[in-house]
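Peer 1: First the structure, then my questions, so here it is.
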Amino acid sequence: QGSGFFSNAEIELACELATDRLEHGLQSSYQFLFAENGDRVVGYTCYGLIPATAGSYDLYWIAVAETMRGRGLGKILLQKTEALIRNTGGRQIYADTSSRSQYLPTQRFYERCGYITEALLKDFYSPGDSKIIYSKVLL
Numbered sequence: 114q115g116s117g118f119f120s121n122a123e124i125e126l127a128c129e130l131a132t133d134r135l136e137h138g139l140q141s142s143y144q145f146l147f148a149e150n151g152d153r154v155v156g157y158t159c160y161g162l163i164p165a166t167a168g169s170y171d172l173y174w175i176a177v178a179e180t181m182r183g184r185g186l187g188k189i190l191l192q193k194t195e196a197l198i199r200n201t202g203g204r205q206i207y208a209d210t211s212s213r214s215q216y217l218p219t220q221r222f223y224e225r226c227g228y229i230t231e232a233l234l235k236d237f238y239s240p241g242d243s244k245i246i247y248s249k250v251l252l
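Just so we're aligned, residue 114 is where the sequence shown starts under our numbering, counting upward by one.
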């Protein structure tokens, strides 16, 4: 919620993934990495192995509190997530985002971190809001 980017429906979905992890532990398909500042969570990633693939992972979420942006925390979270995936034999990671102008900083972030655009799914989320899929080879 503190990122200022996500809709109520998106926040609800993120909470469902966290609940799945809490309920199923290591059997969950969702892995999390948290960044804390004192007793507050100020950023996190949620990622997981894509079923029926040989080492392809999906970055489901990356979020940084609005008050912590511009300090390199997102990059650190992403690099640590990539390292965790690499250490488990992951070969590549996929991330997607909206094409809306609100998400231009997110698009640039992925590009600065070495991700390439794999696909654009036109009007995926709604008319005028396409899905951009990025990837990065980890090995």
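Even glycine gets a Cβ: it sits at the ideal position worked out from N, Cα and C.
Beta-carbon separation of I198 and Y170 under 7 Å?
Peer 2: yes
Peer 1: Going by the DSSP bridge assignment, what does H206 pair with across the sheet?
Peer 2: A small correction: the amino acid at residue 206 is Ile; His does not occupy that position in the sequence shown. BP columns for I206 point to Y170 and K249.
Peer 1: Starting from D236, follow the alpha helix (DSSP H) in both directions and report where the run begins and ends.
Peer 2: Element bounds for D236: not the alpha helix (DSSP H) but the beta strand (DSSP E), I229 to S239.
Peer 1: Drop a sphere of 10 angstroms on the beta-carbon of E195, count the other beta-carbons inside from all chains shown, and report buried for 16 or more, exposed for fewer.
Peer 2: buried
Peer 1: When you compare the region 139 to 157 with the region 177 to 194, are there three or more beta-carbon pairs, one atom per stretch, that lie closer than 8 Å?
Peer 2: yes
Peer 1: Report the residue from A148, Y160, L126 and E125 whose alpha carbon sits nearest the alpha carbon of S142.
Peer 2: Y160
Peer 1: When burial is assigned at 16 or more other CB atoms within 10 Å of the CB, is Q94 buried or exposed?
Peer 2: Lying before the first or after the last residue shown, residue 94 is absent from the chain, which here runs from 114 to 252.
Peer 1: Distance, Cα to Cα, F145 vs D242?
Peer 2: 27 Å
Peer 1: Note down, in chain order, each residue of its chain lying with its Cβ closer than 6 Å to the Cβ of W174, except the 5 sequence neighbours on either side.
Peer 2: A127 and C159
Peer 1: Taking the alpha-carbon positions, what's the S116 to Y207 distance?
Peer 2: For S116, the predicted structure reports a pLDDT of 49, less than 50, and the residue's modelled location is therefore unreliable. A value from the coordinates is still provided. Going from the Cα of S116 to the Cα of Y207 covers about 21 Å.
Peer 1: Does the beta-carbon of G185 have 16 or more other beta-carbons within 10 angstroms, so that it is buried, or is it exposed?
Peer 2: exposed
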